[in-house]
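**Student:** If you scroll down you'll find the structure; I have some questions about it.
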């Protein structure tokens with residue numbers, strides 16, 4: 013059996029976005045929201061809201077570029093945990109609306125990314141998805157996780173991989 017690009021990427025994106033929403037719930041229960049909005053791992057890194065915004069942009073941008081469509085506009089204006097969770101929900105809804113066949117057909121589509129400084133990268137869709145969009149998404153999801161852990165939010169690997177809970181079974185008896 014072969015798996016399509018859609019099958020190998022989109023369910024993982026959706027699962028991690030849902031995990032991120034759960035992390036934000038745990039953060040809201042234990043930390044001051046204002047402190048979270050400026051939290052970052054290092055002075056030269058982007059704060060928590062930008063990590064989530066960029067993760068969202070990576071997913072919706074991948075879906076739009078591969079399908080040749082426009083992603084939903086999501087201005088980076090979130091200032092609360094509830095707004096960040098909503099952004100994740102809107103990203104999930106958009107990606108769930110994408111036609112899997114159109115997503116897969118984007119493997120050979122030309123994708124051009126232009127950065128604010130004018131530099132850019134030109135890819136085929138497959139290379140864009142596997143070499144840029146997916147690593148970028150997981151970088152920002154992991155950075156979100158790390159910021160929350162650094163601040164003392166009680167999340168662990170089970171929270172990072174919470175989407176695997178349906179597949180877990182009791183460990184073998186010794």
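In the working numbering, the protein residues as written are 13 to 186.
Just so it is clear, CB atoms sit at the ideal spot from N, CA and C, and this is done for glycine as well.
Please read these numbers as outputs of a predicted model, since none were measured by experiment.
#1: Go through its chain and collect everything with a Cβ distance to residue 74's Cβ below 7 Å, but skip five positions before and after it.
#2: Report yes if the CB atom of residue 137 is closer than 9 Å to the CB atom of residue 42, and no otherwise.
#3: To which residues of the same chain is residue 46 closer than 6 Å at the C-beta, ignoring the five residues directly before and after it?
#4: Taking 8 Å as the limit between beta carbons, can you name the residues of its chain near residue 38, skipping five residues before and five after?
#5: Would you check if there are 3 or more beta carbon pairs closer than 8 Å linking the stretch 99 to 113 to the stretch 51 to 58?
#6: For residue 32, count the other beta carbons within 10 Å of its own beta carbon; 16 or more makes it buried, fewer makes it exposed. Which is it?
#7: Taking the alpha helix (DSSP H) that residue 52 falls in, what are its first and last residues?
#8: Suppose you measure from the CA of residue 87 to the CA of residue 180; what does that come to, to the nearest Å?
**Tutor:** Judging by the given coordinates:
#1: 141, 145
#2: no
#3: none
#4: 160, 165, 166, 167, 171
#5: Contact between the stretch 99 to 113 and the stretch 51 to 58 is absent: fewer than three C-beta pairs spanning the two stretches fall below 8 Å.
#6: buried
#7: Run containing residue 52: none; DSSP gives neither H nor E here.
#8: 38 Å
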